[in-house]
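Residue numbers (the UniProt record's numbering): 1 to 440.
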Amino acid sequence: MSGADISAIKDQLTQAYTTKIFFTDLNGRSKNLAINPQDIDTIIAQGVGIDGSSIAGIATVDNSDRMLKPVPESFRLVDFGDRKIGFFVGQIFNQDGSRSSVDPRYALERAVEKGVNEYQMQFMLGPEHEFFLLNGDEIHSDIHTDKLGYFGSSPGDIGEIVRQEIVNVLGTCGVKYEKTHHEVTSSQHEINLEPGDPLTIADRTILFDFVTKEVAAHYGLHATFMSKPFTGFNRNAFHIHLSFTDLEGKSLCYDENCEHHLSPLLMNFVGGVIGHAREASIVFAATFNSYKAYVLDKEAPIVRGWGLRNRSSMIRMPHATSPKATRMELRCPDATGNVYLQFAVLIFAGLDGIKNKADAGPADVGSAYKKPTGERPKVLDRRFIPRDFFPALMEAENSTFMPEVLGADLFDNYMRIKMTEWEDHRTTITDMEHRKYLNI
């Protein structure tokens, strides 16, 4: 970024009530550090010190000093009406000035660079942001804010007001949206923003989550991206639309001479994602709760495969009106994971498919949950992605692909965190167990 651009940022920071650098731990939980905007030149150049041992997966207590540097290109001045917030996304550095190998953003940076340098391609991503708006963050009888369904609305609908306020606030800092609507389940909403390059979209996801929670709180509500908050209700998904072009911007996903106009490169990419889906599941569906959504005959896909406009497929090929719109949609992730790792693993898996000319297999016809004979697949059929947290851990543990693409340090730290999460759930007695077994 040029000196003139930095100067423009400094001018905008004079309007900010506070200025924050945001980053994520390995779990994907957002962290932020408020800084003095008068020091921004020094902080951009040198960073600001942080204790990495207090951030999940970043450092140990005996080697904890790290530096957080804001990415100037990520800057937004977010106008909430009553106050403006200076927003940066940060990169984590070691004390010697090298990039931290366990910084989740660095993993995505490497994936993007691999696409450009080795495959001469660049990516466009567009996630679907789903969330619940609730009356508080504790379960009670009146927790739901509405009983509406898909595209539902009602006079004075607080959910519609909050959705519009979210996109209005994002609009003040140049983030454009495509559409907003009520989702299928009570109190559930979806906002789709314009697509962009992977790093911009990952950074923007951190911004989106921050703005959504702030706006909801302003209206006395709680916004949650938890995958499966309620039994019998739909989950919060994080569908990821992906396309890629050459370095001049020509679509590499479209081929007018191929069936359905889907290029061999795109189908090899899809084949790579399908092939690595089981070992990557612990990143795409990153929490114990995520797997409560993987149920037969529901929209959360559990079978590895692809289909044309088929919402039961793990990868859907949406209807495209132009070469530029030709893309794939990965439907298994949710928003509880680390967005940088999710995007990185998706890109690495697809590139591996291109490298090895992976076969995506035939398209799913009808429900992906049924075999061609009409029989349901066996519970342990490897056509499934893992349907529980521990099998997902096992798939990742036995993987050579995951540590190779994420780096051994990041992968090991991530797996330690997830094993601890599993042990916490494995050893915690639940209300359901009391109901079922206490009278034995």
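All C-beta atoms, glycine included, are put in the ideal place defined by N, C-alpha and C.
N-terminal and C-terminal residue of the beta strand (DSSP E) that residue i is part of
i           : result
T420        : Premise fails: T420 lies in the alpha helix (DSSP H), 408 to 426, not in any beta strand (DSSP E).
F22         : 18 to 24
G171        : That residue, G171, is in no beta strand (DSSP E); its alpha helix (DSSP H) goes 158 to 172.
residue 441 : Nothing can be reported for residue 441, as the shown portion of the chain is limited to 1 through 440.
L33         : 30 to 35
P70         : 65 to 70
A223        : 222 to 224
N27         : That residue, N27, is in no beta strand (DSSP E); it is neither H nor E in DSSP.
N192        : 188 to 193
M317        : 315 to 317
Unbroken alpha helix (DSSP H) run spanning residue i, endpoints
i    : result
Y437 : 431 to 437
H181 : It is not in any alpha helix (DSSP H) - H181 instead sits in the beta strand (DSSP E) that spans 177 to 182.
Alpha-carbon spacing of residue i relative to residue j, whole angstroms
i           : j    : result
H261        : A277 : 24 Å
L221        : P104 : 30 Å
P127        : F238 : 6 Å
G47         : P70  : 7 Å
I143        : T19  : 33 Å
V295        : T231 : 12 Å
R304        : E109 : 27 Å
S312        : A368 : 6 Å
S251        : T145 : 43 Å
T212        : F88  : 17 Å
residue 483 : G97  : Because residue 483 is not part of the residues shown, which for the chain are 1 to 440, the question remains open.
N236        : A360 : 27 Å
R327        : A320 : 8 Å
G174        : D424 : 42 Å
N135        : D79  : 25 Å
A16         : F23  : 19 Å
Reduced DSSP category for residue i - H, G, I as helix; E, B as strand; rest coil
i    : result
Y150 : coil
L247 : coil
G275 : helix
D352 : helix
D82  : coil
I6   : helix
I282 : helix
P386 : coil
Y254 : strand
F87  : strand
T200 : helix
F343 : helix
Y15  : According to the sequence provided, residue 15 is Gln. The question's Tyr does not apply to it. Three-state DSSP puts Q15 in coil, outside helix and strand.
R105 : helix
E130 : strand
T60  : strand
E138 : coil
Whole-number beta carbon distance between residue j and residue i, since they are thought to touch under 8 Å
i    : j    : result
A363 : G307 : 5 Å
N413 : L68  : Not confirmed; about 18 Å, so no contact.
C332 : A285 : 6 Å
F75  : I9   : 5 Å
Neighbour-count burial assignment, residue i, 16 or more Cβ in a 10 Å radius
i    : result
R435 : exposed
Q91  : buried
M402 : buried
R344 : What sits at residue 344 in the sequence shown is Ala, not Arg. Buried is the call here.
H140 : exposed
K228 : buried
Y340 : buried
I429 : exposed
S155 : For the record, residue 155 in the displayed sequence is Pro; it is not Ser. Counting Cβ neighbours within 10 Å, P155 comes out exposed, since fewer than 16 surround it.
F131 : buried
T420 : exposed
Y437 : exposed
R316 : buried
I440 : exposed
C258 : exposed
Min CB distance residue i to chain C below 8 Å
i    : result
F123 : Judged by its chain identifiers, the structure shown contains no chain C, having just a single protein chain.
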